[in-house]
Every structure is written in C-alpha cells, then in structure tokens.
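*Asks:* Take a look at this one; I'll ask things after.
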C-alpha cells in the first residue's frame, strides 16, 4: 500500500472507516491527495467548537455523512465542499423520487407504485394488482437490501404491510412510504459506477452456487452475493450515463436489472462503495482524483 503523500496537495475527509476509505487512501496517495477519516457518528460532538482541531486542515469531503443530523455538525466544523453533498445523498436515498426523475428523463425503470402510509388495504391491493404478482415490497429509503420482501399473493402482501403499519405507527418514524415494485424473474443484477458523467466500470452481483435453488433471490452483497467485475455493452453504458445525468450526482452507483431481454435502472446510490481496482476501467483512479480536485476548487 502506498504511503500517504509526505506533502499532500489536498486533504480529503471521509466519514466512513470501511473498505472505501482504505481503497481511497491507497489509490489517491499517488495523486497527491491525503485521505483521512473523520468520525461523524456513534460518538459525542460539540456543536459550538472543535477544541481538538480534529476537523481542521481539510480541503474537501468525500460524501456527506449518512446520518444527516450529526452530519450537519460535522459539515459546519469541516467547512469544505463535498464531492457528493447533502442534496445528492438525500435525493438518492428517496428511491421513489429517483425513479420518478429517471422515468421523466426517459430512462426505463421497473413498474413501481409508491405507497404513502397509512393507506387502506383496498388501495394497496389495487396497486399491487396493477403491478402484478409476485410483487416486491421495498422500504423507500432503506439501504443494503434491508426490509425488502417478495409477496406472491394478496394475503402475503397484507402480512408484510401489517408489519410496516406497526413500524410506521411510531411517531418518530420519518419516512412512512414504501414501494410496490414488479418482480423481474431470473434477473442479472449489475452495479455500474459513473464518475463525472462517464461510465467507469461495473460489477455483476451474483448469488452463491445453490442459493437460487434454496429460494434466495436478493442480489445484495451485504446479504451474501458476490460482486464480480464485468464490462457492460454499449447500450448498458449509455443507459447508466443517462441515469447519472438525470440525477445530476457527480459520483453515483447505478443499479441495473436485466431480465428477458429488458434492461431497467432499479435505483441509484450517492454513497457508492469503491470496489477493488480490477473492477473498473483504466484511468478510474485518475478520474476520481480529478473529481476531488475540481470539487475542492468550488
């Protein structure tokens, strides 16, 4: 692993101390960019000062903290521009809003209904009948595949929505919406990375051997899927670039589903994981460094 630059031109704040942080530190060091961790959550924070100077000396931030309340304090103390700012993170987190934006731009998306709870059973069942069974029930603002379920008939659908009613009954629950989305059988699942509007590489998320036979269908890495580097064809590349342009997010992961010859964008992610170097096109590190430098000049 390259050592941090002795006299870096820029210092980049990253608020997640995980794989992305380690990979950014390694890959941006040769480009004169020092990457340091800024802890934004699961701690106490002074709101009136930075007495230890832990937030001082940064030039630019990577992605706005995922916990927006604590993030506002960290953002104020840092006082730097973000590659992906608060609006980008908020917009991407709203799956229904993103799908509406993509559809309005002519980007194909799965057949979807957004349900703003509480809604009576008849309305939910009518929406599901329009989408068609089996139907995927998906929290509007969750990540990593949390809370995603498949309902094969009205009884199983209402069983899922009963649990959502219990959760949404708690007054402090912020987002009370969920999606009803068509299930695409035997879909191939891709995550493409787009940097400054240009396709930069992709992975195919595959279930382990035998998982499908066991009834698994979610291609989520956090639930056991494996990400293998692939190179998308021209049509798919064009589609992910169109999706990125519609969202206006500088650094965005675009999720594609391909089923029965049909290719759709299922969602986008403004906090994408930076994967292993071999899963991106040549020049990816240079593109990241250029984006960080341009952001720092804002």
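In my numbering, the protein residues as written are 14 to 311.
A virtual CB, placed ideally from N, CA and C, is assigned to each residue, including glycine.
(1) Look at the alpha carbon of residue 110 and the alpha carbon of residue 117, and state the distance between them as a whole number of angstroms.
(2) Flag this pair as touching only if the stretch 194-203 and the stretch 211-228 have three or more C-beta atom pairs under 8 Å; answer yes or no.
(3) Secondary structure at residue 311, three-state DSSP: helix, strand or coil?
(4) Kindly indicate the opening and closing residues of the alpha helix (DSSP H) around residue 144.
(5) Touch check for the stretch 97-104 and the stretch 49-58: three-plus C-beta pairs under 8 Å?
(6) For residue 311, does the count of other Cβ atoms within 10 angstroms reach 16, so buried, or fall short, so exposed?
(7) If contacts are defined as beta-carbon pairs under 8 Å, then residue 298 and residue 38 qualify, I think. What distance do you get, rounded to the angstrom?
(8) According to DSSP, is residue 44 helix, strand or coil?
(9) Alpha carbon to alpha carbon, how far is residue 163 from residue 241?
(10) Could you name the residues that DSSP lists as bridge partners for residue 98?
(11) Starting from the Cα of residue 103, find the closest Cα among 81, 87, 114, 89 and give me that residue.
(12) Pairing CB atoms from the stretch 209-220 with CB atoms from the stretch 252-262, are three or more of them under 8 Å?
(13) From the DSSP secondary-structure annotation, give me the bridge partner or partners of residue 243.
(14) Can you grab the Cα-Cα spacing for the pair residue 61 / residue 86, in whole Å?
(15) Within the stretch 59-118, note down every full beta strand (DSSP E) run reaching 3 residues or more, in order along the chain.
(16) Going by the CB atoms, is the gap between residue 153 and residue 192 shorter than 7 Å?
(17) Taking 7 Å as the cut-off, decide whether the C-beta atoms of residue 137 and residue 174 are in contact.
*Replies:* Based on what the coordinates show:
(1) 11 Å
(2) yes
(3) coil
(4) 134-144
(5) no
(6) exposed
(7) With 8 Å as the limit, residue 298 and residue 38 do not qualify as a contact, their Cβ atoms being about 12 Å apart.
(8) helix
(9) 25 Å
(10) Residue 98 is not bridged to any residue.
(11) 81
(12) yes
(13) 215
(14) 9 Å
(15) 73-76, 95-97
(16) yes
(17) yes
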